[in-house]
Amino acid sequence: MSSIRMMAESLKNIPWQDKPENITGAPVWRYSENPIIGRNPVKNVARIFNSAVIPYEGRFIGVFRGEQVNGIPYIYLGHSDDGIHWIFDEEKIPFVNEKGEAFMPRYAYDPRLVKVEDTYYIIWCQDFYGAAIGMAETKDFKKFVRLENPFIPYNRNAVLFPRKINGNFVLLSRPSDSGHTPFGDIFLSESPDMVYWGKHRHVMGKGNEWWESVKIGGGAAPIETSEGWLLFYHGVSGTCNGFVYSIGGAVLDLENPSIVKYRCENFLLTPEEWYEERGFVPNVCFPCATLHDPDTGRIALYYGCADSYVGLAFCELTEIMDYIKENSVLTESDREIGIR
Ligand code: BMA
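Residue 1 is where the sequence shown starts when you use this note's numbering, and the numbers rise one by one after that.
Below you can see the structure in the form of structure tokens.
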């Protein structure tokens with residue numbers, strides 16, 4: 001076992017269960033009481049899934065994809081004492097523009113939530129003449145200021161790094177089409193101010209392995225470690241019955257994160273439990289956030305299940321990094337800095 005350090009604030013109250021004896025394959029195990037969020041969780045919302053959480057003032061706060069009973073997805077705020085039991089606001093997050101006027105997206109889904117310095121950023125997918133990236137910032141989870149469309153369509157799965165790199169904000173995204181995109185690589189973009197984005201680089205292409213052979217997309221905000229940025233992402237394969245979404249793991253270079261240092265050829269988690277295999281869209285494990293604690297190396301991974309539920313899984317930093325390294329297979333485009 002190596003001893004790898006995680007650069008993050010301590011999180012003593014991270015949700016946790018010890019690893020069961022019977023784990024084979026990747027060292028990632030599900031919370032025994034999954035799913036942690038079931039159907040009809042709040043008034044007028046049929047399903048909550050693909051959602052992100054963060055520690056806040058000694059408790060937890062999250063942004064949740066709520067599929068309304070009219071079928072339109074929106075983002076709702078949730079609060080929790082333990083990261084497992086959640087209470088949701090009945091109203092959608094009330095986004096405003098910089099003048100303080102209401103500025104609601106037509107729809108919003110797959111939110112991520114990342115703190116950089118003293119600001120929390122919410123990033124999601126919305127309609128901007130097609131599927132595109134939406135963004136807002138908040139400092140207090142009371143006022144949510146939307147930033148005007150940062151990218152042209154079509155794009156999804158935007159994931160912000162939790163600190164600036166070489167003075168710039170850094171964001172992963174997955175250029176796409178406006179439908180059930182049958183392709184997709186992860187790219188990276190930089191910005192000095194979260195308004196203007198450029199220096200786009202290719203990070204990772206869809207994999208050679210079956211489970212990620214159609215497309216991939218960023219998942220949880222990368223975790224900074226002494227060996228590089230640990231990224232949980234989703235990989236999609238095509239079957240005669242539709243797409244299957246699994247969770248993969250990679251490690252990106254700390255200062256040049258468009259370079260992939262390690263990429264696990266095996267999935268870390270794939271649909272196996274009833275709440276992953278059965279639901280509105282079967283066979284989906286869709287990672288969106290982690291909670292993590294540098295003192296213990298514990299990582300709690302939040303993932304959407306079958307477009308119907310939220311699941312929680314656990315792993316330990318050194319163990320998961322060792323597994324990714326031992327099973328790493330890199331392609332030429334992984335090793336490149338991603339400029340052509
Ligand atoms: C993707 C996104 C996700 C969803 C997945 C499976 O394209 O829309 O929100 O979980 O499909 O349906």
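Where is the CB? At the ideal position from N, CA and C, for every residue including glycine.
Terminal residues of the continuous beta strand (DSSP E) containing residue i?
i, result
"S246", "G242 to L252"
"D229", "Reading off the sequence, residue 229 comes out as Trp, not Asp. Note, W229: beta strand (DSSP E), G228 to T239."
"Y76", "P73 to S80"
"S333", "First-last for S333: E332 to R335, but that is the alpha helix (DSSP H), not the beta strand (DSSP E)."
"Y107", "Where Y107 is concerned, there is no enclosing beta strand (DSSP E), given that its DSSP letter is neither H nor E."
"T225", "I223 to T225"
"Q17", "Careful: Q17 lies outside any beta strand (DSSP E) and carries neither H nor E."
"K215", "K215 to G218"
"R65", "R59 to Q68"
"R47", "V45 to Y56"
Ignore the nearest five residues each way along the sequence and tell me which others in residue i's own chain have a CB closer than 8 Å to its CB.
i, result
"P153", "F128, Y129, G130, A131, A132 and S178"
"S94", "Correcting the residue type first, residue 94 is Pro in the shown sequence and not Ser. Within the same chain, P94 has close Cβ partners A102, M104 and F144."
"F169", "V116, L160, F161, E190, S191, P192, D193 and M194"
"W197", "P150, F151, L171, S189, E190 and S191"
"R146", "F95, V96, N97, F103, P105, G134, M135 and A136"
"V260", "V203, M204, A250, V251, L252, D253, L330, D334 and R335"
"Q68", "N44, V45, A46 and Y74"
DSSP has residue i in a bridge; who is on the other side?
i, result
"A313", "R30 and L301"
"K92", "Y76"
"I87", "H79"
"A102", "V96"
"M321", "Bridge partners of M321: none, in fact."
"V42", "V45"
"S328", "C264"
"L113", "I122"
"I37", "V310"
"M6", "T225"
Which same chain residues, not among the five before or five after residue i, have their C-beta less than 6 Å away from its C-beta?
i, result
"R106", "D127"
"S226", "I4 and R5"
"G66", "V45, I48, Y74 and Y76"
"H200", "F187 and S189"
"A289", "A52, V53, A220 and Y302"
"F243", "V236"
"Y245", "H234, V236, V284, C285 and F286"
"A158", "I123, I133, L171 and S173"
"P271", "E277, N283 and C285"
Taking the alpha helix (DSSP H) that residue i belongs to, which residues open and close that run?
i, result
"E265", "Taken as a continuous stretch (DSSP letters only), E265 belongs to no alpha helix (DSSP H), as it is neither H nor E."
Closer than 7 Å by C-beta to residue i: which residues in its own chain qualify, once you throw out the five before and the five after it? Chain order, please.
i, result
"T181", "K215"
"N40", "A46"
"V281", "A306 and D307"
"P20", "W29"
"S10", "D293, P294 and D295"
"Y262", "A250, V251, I324, K325 and S328"
"K142", "none"
Check: So does the stretch 198 to 208 actually touch the stretch 93 to 105, counting three or more Cβ pairs closer than 8 Å?
Finding: With a cut-off of 8 Å, the stretch 93 to 105 and the stretch 198 to 208 do not count as touching, because too few Cβ pairs lie within range.
Margin query: With a threshold of 8 Å, are at least 3 pairs of Cβ atoms found where one atom belongs to the stretch 297 to 313 and the other to the stretch 24 to 32?
Written below: Result yes; three or more Cβ-Cβ pairs closer than 8 Å.
Check: Is the stretch 79 to 90 touching the stretch 52 to 60 in the sense that three or more CB pairs, one from each, lie closer than 8 Å?
Finding: Between the stretch 52 to 60 and the stretch 79 to 90 there are three or more C-beta pairs closer than 8 Å, enough to call the two in contact.
Item checked: Continuous beta strand (DSSP E) assignments of at least 3 residues falling wholly in the stretch 116 to 200 -> Assignment of beta strand (DSSP E) within the stretch 116 to 200, counting only whole runs of 3 or more residues, yields 119 to 127, 131 to 138, 144 to 147, 155 to 160, 169 to 175 and 186 to 191 in chain order.
Next item on the list: Could you name each continuous alpha helix (DSSP H) segment of 4 residues or more that falls completely within the stretch 267 to 309, going from the start of the chain to the end?
Entry: Qualifying alpha helix (DSSP H) stretches, in chain order: 274 to 277.
Note to self: Any contact between the stretch 256 to 267 and the stretch 322 to 337? By contact I mean 3 or more CB pairs, one from each, below 8 Å.
What the structure shows: Taking one beta carbon from each stretch, the stretch 256 to 267 and the stretch 322 to 337 have 3 or more pairs nearer than 8 Å; the two touch.
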